[in-house]
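Some notes on the structure that comes next.
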Amino acid sequence: MASLTPAKRKARKSTGMAGLETAPAHLASGLPDGIREHTHDVAMGTPHVAPGQKPLDRQLETERVVEQLAHHRPEGESDPDPVHPVPARLLDAAQCPTPHITSMNQYQAMYRQSLDDPNTFWGNMARELLDWHRPFSSVASGTLQDGDVSWFGDGELNASYNCLDRHALAHPDRVAIIHEADEVGQSQRYTYKELLQEVCRLANLLISFGLRKGNTVAIYMPMVPQAVIAMLACARIGCIHSVVFAGFSADSLAERILDANSAVVITSDEGRRGGRIIPTKRIVDDALKRCPAVKRCIVYAHTKNADIPMNPTRDVWWHQVVSRQRPHCPPVPVNAEDPLFLLYTSGSTGKPKGVVHSTGGYLLGAAATVKYVFDVHDGDVFGCTADVGWITGHTYLVYGPLLLGVATVMFEGVPTYPDATRYWKLIEDHKVTQFYTAPTAIRALRRLGDHWVTQCDLSSLRVIGSVGEPINPEAWNWYNQVVGQGRCAVVDTYWQTETGSNVVTPLPGATSTKPGSATHPFFGIEVAILDPHSGDELVGPDVTGVLAIKRPWPSMARTIAGDHSRYLATYMNPYPGYYFSGDGATRDKDGYIWVRGRVDDVINVSGHRLSTSEIESALILYPSVAEAAVVGAHDEVTGQCICAFVTIKPEIKVDDPSALERELVVQVRKIIGPFASPKIVFLVEDLPKTRSGKIIRRILRKLVANESDSLGDLSTVAEPAIVQSLISMVNARMGF
1 MASLTPAKRK ARKSTGMAGL ETAPAHLASG LPDGIREHTH DVAMGTPHVA
51 PGQKPLDRQL ETERVVEQLA HHRPEGESDP DPVHPVPARL LDAAQCPTPH
101 ITSMNQYQAM YRQSLDDPNT FWGNMARELL DWHRPFSSVA SGTLQDGDVS
151 WFGDGELNAS YNCLDRHALA HPDRVAIIHE ADEVGQSQRY TYKELLQEVC
201 RLANLLISFG LRKGNTVAIY MPMVPQAVIA MLACARIGCI HSVVFAGFSA
251 DSLAERILDA NSAVVITSDE GRRGGRIIPT KRIVDDALKR CPAVKRCIVY
301 AHTKNADIPM NPTRDVWWHQ VVSRQRPHCP PVPVNAEDPL FLLYTSGSTG
351 KPKGVVHSTG GYLLGAAATV KYVFDVHDGD VFGCTADVGW ITGHTYLVYG
401 PLLLGVATVM FEGVPTYPDA TRYWKLIEDH KVTQFYTAPT AIRALRRLGD
451 HWVTQCDLSS LRVIGSVGEP INPEAWNWYN QVVGQGRCAV VDTYWQTETG
501 SNVVTPLPGA TSTKPGSATH PFFGIEVAIL DPHSGDELVG PDVTGVLAIK
551 RPWPSMARTI AGDHSRYLAT YMNPYPGYYF SGDGATRDKD GYIWVRGRVD
601 DVINVSGHRL STSEIESALI LYPSVAEAAV VGAHDEVTGQ CICAFVTIKP
651 EIKVDDPSAL ERELVVQVRK IIGPFASPKI VFLVEDLPKT RSGKIIRRIL
701 RKLVANESDS LGDLSTVAEP AIVQSLISMV NARMGF
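Just so it is clear: in the sequence shown, position 655 is 655 by the UniProt record's numbering, and no numbers are missing.
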């Protein structure tokens with residue numbers, strides 16, 4: 001239909017660069033392809049022009065550099081972009097179930113139909129994967145530019161029914177949730193019948209509190225099954241759940257409760273993580289001092305701490321009130337476009353940004369990607385390590401696996417507690433078939449050695465996935481060879497909170513993979529690489545620019561809660577007719593997509609616009625370096641200078657820190673060039689990270705700008721003491 005036609009915009013054929021005048025900085029860096037391709041950012045800088053050099057000379061010089069780098073092979077590296085074929089085991093019916101998609105020809109035919117005839121493609125898939133209370137008569141309407149996208153607009157369904165009832169009726173004793181507690185040896189299982197009954201009990205309690213369709217419920221809980229029960233109980237009665245990661249501060253939680261107009265809060269007495277106790281109820285109590293509209297707080301007794309304060313007019317114990325409810329609650333049909341949940345994006349500053357997802361389109365995206373990206377079959381056990389407070393937890397811990405009727409593993413702890421076998425024993429004990437985790441965890445576990453992995457039986461695995469950020473080739477190869485033993489498909493997935501489900505990803509039975517590349521778009525996702533300045537689409541291979549999507553897809557977010565103009569300004573207006581991801585990307589000579597990361601992580605030094613990730617990649621190549629983070633600081637002469645924060649591998653003893661800092665500067669000069677030399681290298685014990693392991697570069701930028709007194713909310717920092725240590729070091733070195 002007309003509304004799904006991609007925006008008409010001038011397209012430029014590839015010249016091997018983002019226009020002659022704006023060559024991507026990584027092409028001029030001299031970095032080996034295998035290193036360049038995992039960088040997280042893209043720099044659209046103007047190449048250096050020598051005095052008196054004419055524009056045409058500059059264009060020819062840029063072309064020369066691109067041509068040189070196209071054939072560049074570092075010493076000892078014969079193939080910078082090795083292609084890994086589909087593991088033969090996955091296509092052997094005697095060893096594995098036949099993949100849903102078994103060839104690139106099959107993928108390409110389905111992908112082509114999803115673009116050429118989206119109504120038929122998505123209509124058929126929605127009928128196959130979801131049960132509808134009222135069938136839809138139309139599939140899609142609206143445009144990206146107008147921000148009025150709708151899918152299955154006159155259809156009605158219920159998320160809880162799709163996740164539970166239909167499976168409980170067919171297979172009541174099939175396992176739905178496997179909960180692995182923080183402490184070893186404490187696991188719990190819920191069948192689909194048991195989970196349905198618990199969801200109905202809580203749903204009936206919410207109804208007794210006066211909640212109705214369209215009301216919002218805040219959920220602030222640790223990684224326990226009751227968090228999933230709470231989400232599905234809300235969905236059952238048409239309420240909107242707003243899960244807040246149980247690591248946010250009381251102030252941050254209060255902001256999100258107020259922004260969402262939540263009427264009820266569901267929490268626990270305490271949480272456990274890595275042997276530590278998290279005071280969730282006390283944090284909620286502090287938050288609710290600012291939220292007088294919240295009249296009820298349901299508290300699950302997780303640690304059973306008798307000293308937890310309870311407000312007798314507001315608070316109720318889960319075990320006392322839920323158990324008294326009837327284990328039957330009819331699901332409330334909702335329109336496909338009614339909100340299922342809102343989720344606040346991590347790392348946002350200022351007013352919280354609550355991304356709103358619809359019911360029908362989101363559920364379809366979750367179900368379709370779990371089926372095809374992870375090749376899920378009946379009897380599989382899906383292991384996703386993400387916290388339920390983030391989008392990965394929503395889509396690939398809760399909704400996706402349950403929609404397909406398989407078991408989902410919920411892990412309360414951390415990968416190194418009590419030791420570094422924890423992930424691998426979890427896979428062994430529960431016979432996990434799909435495992436989905438973050439590159440940060442993969443890199444950290446790789447540093448600790450292979451022996452933690454090889455002592456465990458991982459033969460049940462078929463698909464291992466990576467999520468959250470681009471994965472570097474070294475970590476990818478370790479994940480493939482040591483964890484997957486070369487027998488599993490590795491799916492390096494790209495997506496966002498706003499996309500709802502995977503948008504660029506390999507498919508296990510079809511896609512040959514390249515370490516560090518997310519490979520190809522999923523069904524219905526028409527990726528465009530745009531020139532960041534003109535907005536022109538860069539067509540063909542070997543182009544780098546802004547990653548955008550040309551047409552609506554079912555699971556995309558519909559708005560920002562209470563602020564649709566902000567939604568349009570953030571995602572739809574920067575490049576009219578396209579969804580703006582905020583990330584940079586390269587499409588290589590074979591058509592593979594390499595995601596670079598946020599386009600704004602660029603440092604301008606003496607007119608050179610440098611991707612911070614390029615410099616980080618160069619630093620990480622040094623044998624002693626474990627991790628690196630690079631930010632820009634003000635410089636009176638060059639405009640900005642480069643500050644590098646580097647951690648050293650634990651087995652390395654540094655006798656002369658100053659000498660090592662100088663060697664690291666030489667390393668960057670050698671790999672990228674003198675213009676990329678860090679002015680200051682900080683050797684640090686650790687970097688500020690979120691609980692999910694992402695480096696918080698915002699804090700580092702604040703520190704080098706002498707703004708340590710305005711760091712903002714630090715509640716998501718896993719180890720706050722690290723920040724104080726960094727403040728002292730930076731202030732001393734930079735003379736603040």
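Note that beta-carbon positions come from the ideal geometry of N, C-alpha and C, so glycine has one too. As the structure is a prediction and not an experimental result, all values here were calculated from the model.
Where the alpha helix (DSSP H) containing residue i begins and where it ends
i	result
Phe121	Pro118 to Leu129
Pro473	Pro473 to Trp478
Met572	Where Met572 is concerned, there is no enclosing alpha helix (DSSP H), given that its DSSP letter is neither H nor E.
Tyr436	Tyr436 -> not in any alpha helix (DSSP H); beta strand (DSSP E) instead, spanning Gln434 to Thr437.
Gln84	Before going on, a small fix: residue 84 reads as His here, not Gln. Here His84 belongs to no alpha helix (DSSP H), and DSSP marks it neither H nor E.
Gly361	Gly360 to Tyr372
Asp429	Arg422 to His430
Ile308	Per DSSP, Ile308 belongs to no alpha helix (DSSP H) and is neither H nor E.
Sub-8 angstroms separation of residue i and residue j beta-carbons
i	j	result
Val409	Val398	no
Tyr579	Met556	yes
Ser137	Asp154	yes
Val334	Lys213	yes
Gln485	Leu458	yes
Ala718	Pro678	no
Thr303	Asp269	yes
Ala438	Gly468	yes
Cys456	Trp424	yes
Val299	Val316	yes
Gln145	Pro554	no
Thr647	Val684	yes
Ala407	Val175	yes
Ala181	Glu412	yes
Residue i to residue j span [Cα, whole Å]
i	j	result
Ser534	Pro574	11 angstroms
Ser187	Lys689	28 angstroms
His26	Glu614	Note that His26 scores 30 on pLDDT, short of 50, meaning its location in the model is unreliable and no value can be drawn from it.
Leu342	Ala227	15 angstroms
Val414	Ile442	12 angstroms
Ala260	Cys239	12 angstroms
Val284	Val224	17 angstroms
Thr454	Val482	7 angstroms
Tyr612	Ser150	It should be pointed out that residue 612 corresponds to Thr in this sequence rather than to Tyr. Thr612 and Ser150: Cα-Cα distance of roughly 38 angstroms.
Ser706	Ile642	What sits at residue 706 in the sequence shown is Asn, not Ser. If you take the alpha carbons of Asn706 and Ile642, they lie about 15 angstroms apart.
Leu130	Ala367	8 angstroms
Pro521	Pro99	18 angstroms
Ala336	Ile671	52 angstroms
Ile696	Thr586	24 angstroms
Arg733	Ser708	14 angstroms
Thr392	Pro82	28 angstroms
Cys329	Leu169	15 angstroms
Ser460	Leu205	40 angstroms
Beta strand (DSSP E) segment containing residue i, residue limits
i	result
Ala528	Val527 to Leu530
Tyr579	Tyr579 to Arg587
Asp492	Ala489 to Asp492
Asp635	Val625 to Asp635
residue 776	Residue 776 falls outside the range modelled here, since the chain spans only 1 to 736, and no answer is possible.
residue 745	An answer regarding residue 745 cannot be provided, because it is not within the stretch 1 to 736 covered by the chain.
residue 803	Outside the modelled stretch of the chain, which goes from 1 to 736, sits residue 803, for which no answer is possible.
Leu202	Premise fails: Leu202 lies in the alpha helix (DSSP H), Tyr192 to Ser208, not in any beta strand (DSSP E).
Cys384	Val381 to Cys384
So, does the stretch 140-160 touch the stretch 353-365, judging by three or more C-beta pairs under 8 angstroms?
yes
Complete beta strand (DSSP E) runs within the stretch 256-297 (minimum length 3 residues, chain order):
262-268, 271-273 and 276-278
Under 8 angstroms, with one C-beta from each stretch per pair, do the stretch 217-225 and the stretch 245-264 reach the 3-pair mark?
yes
Any contact between the stretch 224-244 and the stretch 274-283? By contact I mean 3 or more CB pairs, one from each, below 8 angstroms.
no
Report the start-end ranges of each beta strand (DSSP E) in the stretch 387-418 that is 3 residues or longer and not cut off at the edges.
407-411
Can you confirm whether the stretch 107-125 touches the stretch 518-531 when touching is taken to mean that 3 or more C-beta pairs between the two stretches lie within less than 8 angstroms?
yes
The stretch 506-520 contacting the stretch 465-481, beta-carbon criterion three pairs below 8 angstroms:
yes
Ranges of the beta strand (DSSP E) found wholly within the UniProt domain "AMP-binding enzyme C-terminal" (614-694), counting only runs of at least 3
625-635, 639-648 and 680-683
Where in the stretch 435-459 do unbroken runs of the alpha helix (DSSP H), each at least 4 residues long, occur, reported from the N-terminal end onward?
439-448 and 451-454
Length at least 3, wholly inside the stretch 133-185: the beta strand (DSSP E) runs in chain order:
175-180
Complete runs of the beta strand (DSSP E) confined to the stretch 505-570 [at least 3 residues]:
527-530, 537-539 and 543-549
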